[in-house]
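Novice: The structure follows.
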Amino acid sequence: MADAAWIAVDWGTSNLRVWAMDADGQAFAAYESDQGMGVLDRDGFEATLLALIAPYLTVERTLPVLCCGMVGSRQGWAEAAYLNTPCTPPDGQTATRVPAKDPHISVFILPGIKQISPPDVMRGEETQIAGYLAATPDFDGVLCLPGTHTKWVHISLGEVISFQTFMTGEMFALLSKQSVLRHCISVGEFDLSCFDDGISDALARPQSLAAQLFGVRAGALVADLQPAEARARLSGLLIGAELSGARPYWLGQNVAIIGGGGLSKLYRTALAAQGVDATAVNVSDTTLRGLKAAYESLKEKV
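Written out as structure tokens, the structure reads:
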């Protein structure tokens, strides 16, 4: 078992990802768990972490642990106060130290970012932004971070200027699994042409979204709309409505997408139909790069 110089942690609502890092800042082992913030009480975080990193603990030293994500929320291990926009992405100097019962770990949590007007917050995405800027320091434009709660973030001169969150992913999950639409939506199958049509229809008439959504159900009942087509149309309608609302962010802007492969591809396809050639980067790699950048400044506090 190789020695770890420090531990990088991305702790979200549903999942936990941990990397063992060597002295050169390279990850040599990675672990995943479904023990996200949403299933833990405050006393459960340390035990969950220790179970994953036990092989790297020694009596001779204290192992630094740097975390980002919902672990720093009010319901997490400890609340890490938000930074205010406009601001540079958080680094190790702004991290909150968390008291740990085990003396062999020294735990720090990076803060999120808040926006007062209009009110908005992010936790975890700020580390992805830091990772992207570490690799692309001269970027000036908009970052799209698709997910359960998709973020559109205006970046200029290395700072987060403003951002807006859309509950598109959560709405898709609720509508496809708990609404009347669940009776006509497939699992996994996807018709890209119906997705494109949904994007176009929502952008053309965003004010009619509620009616267009019921049209998915009606189409399955009387117009032979197939389950794979219904799933794709629902996705297209919701992402199209989001693009309509986020138009001030992406229109005429340099856009980069930070996300998982399948969802990023859908957003890139939707933006391409509007004449926006967005680049896409891997979210896991970008998150780890952000944690590495933050750790460099954290060394002074460890």
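Under UniProt numbering, the letters of the sequence shown match residues 1 to 302, in that order. All C-beta atoms, glycine included, are put in the ideal place defined by N, C-alpha and C.
#1: Just to confirm, are residue 19 and residue 71 a CB contact at a threshold of 8 Å?
#2: Between which two residues does the alpha helix (DSSP H) carrying residue 66 extend?
#3: Of the residues 204, 2, 140, 225, which one's Cα is nearest the Cα of residue 181?
#4: I'd like to know if the stretch 124 to 139 and the stretch 83 to 96 are in contact, where contact means that at least 3 CB-CB pairs between them fall below 8 Å.
#5: Does the distance from the C-beta atom of residue 65 to that of residue 108 stay below 8 Å?
#6: Mapping DSSP to helix, strand and coil, what is residue 36?
#7: Exposed or buried, which one is residue 183 when buried takes at least 16 other CB atoms within 10 Å?
#8: Does the beta-carbon distance from residue 113 to residue 83 come in below 8 Å?
#9: I need the boundaries of the beta strand (DSSP E) containing residue 150, first residue and last residue.
#10: Buried or exposed: residue 231, going by 16 or more other Cβ atoms within 10 Å of its Cβ?
#11: Three or more C-beta pairs closer than 8 Å, one from the stretch 185 to 200 and one from the stretch 151 to 171: is that the case here?
#12: Does the beta-carbon of residue 42 have 16 or more other beta-carbons within 10 angstroms, so that it is buried, or is it exposed?
#13: Here's the rule I'm using: 16 or more other beta-carbon atoms within 10 Å means buried, otherwise exposed. How should residue 308 be labelled?
#14: Taking its Cβ as the centre, do 16 or more other Cβ atoms sit within 10 Å of residue 172, making it buried, or is it exposed?
#15: Less than 8 Å between the CB atoms is what I'm expecting for residue 238 and residue 146, so what's the real figure, rounded?
#16: Could you check the C-alpha separation between residue 256 and residue 62 for me, to the nearest Å?
#17: What are the partner residues of residue 299, as DSSP defines its beta bridges?
#18: What's the gap between the Cα of residue 124 and the Cα of residue 80?
#19: Expressed to the nearest angstrom, what Euclidean distance is found between the alpha-carbon atoms of residue 161 and residue 290?
#20: For residue 259 and residue 148, I'd like the C-alpha separation in whole angstroms.
#21: What residue from 270, 118, 205 has the CA that sits closest to residue 193's CA?
#22: How is the beta strand (DSSP E) around residue 114 delimited, first residue to last?
#23: Quick one, which of 102, 252, 202 has its alpha-carbon nearest residue 234's?
#24: Going by DSSP in three states, residue 144 sits in which element: helix, strand or coil?
#25: Would you identify the three-state DSSP class for residue 195, choosing helix, strand or coil?
#26: Enumerate in chain order the residues of its own chain whose CB-to-CB distance from residue 30 is below 8 Å, with the five nearest sequence positions on each side excluded.
#27: Rank 111, 140, 135 by C-alpha distance to the C-alpha of residue 157 and give the top, closest one.
#28: For residue 32, which residues in the same chain have their Cβ closer than 6 Å to its Cβ, ignoring the five residues on either side in sequence?
#29: Considering only the beta carbon of each residue, do residue 236 and residue 196 sit closer than 8 Å?
#30: Could you round the C-beta distance between residue 142 and residue 250 to whole angstroms and report it? I think they count as a contact, below 8 Å.
#31: I'd like the list of long-range same chain contacts for residue 2, defined as Cβ closer than 6 Å, with 5 residues on each side in sequence excluded.
Specialist: Based on what the coordinates show:
#1: Not closer than 8 Å, so no.
#2: Per DSSP, residue 66 lies in no alpha helix (DSSP H); the unbroken beta strand (DSSP E) holding it starts and ends at 63 to 69.
#3: That would be 225, whose Cα lies nearest to the Cα of residue 181.
#4: Touching, yes, given that three or more Cβ pairs across the two stretches are closer than 8 Å.
#5: Closer than 8 Å, so yes.
#6: In the structure shown, residue 36 adopts coil according to DSSP, grouped into three states.
#7: Burial is judged here by how many other beta carbons sit within 10 angstroms of a residue's own beta carbon; residue 183 has fewer than 16 and is exposed.
#8: In contact: residue 113 and residue 83 (Cβ atoms closer than 8 Å).
#9: It spans 150 to 156 - the beta strand (DSSP E) in which residue 150 sits, taken as one unbroken run.
#10: Around the beta carbon of residue 231, 16 or more other beta carbons lie within 10 angstroms, which makes this residue buried.
#11: Inter-segment contact for the stretch 185 to 200 and the stretch 151 to 171 is absent: fewer than three beta-carbon pairs are separated by less than 8 Å.
#12: The Cβ neighbour count for residue 42, taken over all protein chains shown within 10 Å, is under 16; the residue is labelled exposed.
#13: The chain is shown only over 1 to 302; residue 308 falls outside these bounds and no answer can be derived.
#14: Burial state of residue 172 is buried, judged by a 10 Å Cβ sphere holding 16 or more other Cβ atoms.
#15: Residue 146 and residue 238 do not touch by the CB rule: their CB atoms are close to 11 Å apart, not below 8 Å.
#16: Cα to Cα, residue 256 sits roughly 38 Å from residue 62.
#17: Answer by DSSP bridge pairing: none, since residue 299 is not bridged.
#18: The alpha-carbon atoms of residue 124 and residue 80 are separated by roughly 12 Å.
#19: For the pair residue 161 and residue 290, the Cα-to-Cα distance works out to about 18 Å.
#20: Those two C-alpha atoms are separated by around 11 Å.
#21: Taking only the C-alpha atoms, the option nearest residue 193 is 270.
#22: For residue 114, the enclosing beta strand (DSSP E) stretches over residues 113 to 115.
#23: Of 102, 252, 202, the smallest CA-CA separation from residue 234 is found for 202.
#24: Strand, per DSSP.
#25: Reduced to three states, the DSSP call for residue 195 is helix.
#26: Here the set comprises 17, 18, 19, 20.
#27: Comparing C-alpha distances from residue 157 to each of 111, 140, 135 shows the shortest one belongs to 140.
#28: Beyond the five residues adjoining it in sequence on each side, residue 32 comes within less than 6 Å, by CB distance, of 17 in the same chain, given in chain order.
#29: Yes. Within cutoff.
#30: Contact between residue 142 and residue 250 holds: CB atoms are separated by about 6 Å, below the 8 Å threshold.
#31: If we look at residue 2 and ignore the five residues flanking it on each side, its Cβ neighbours are 28.
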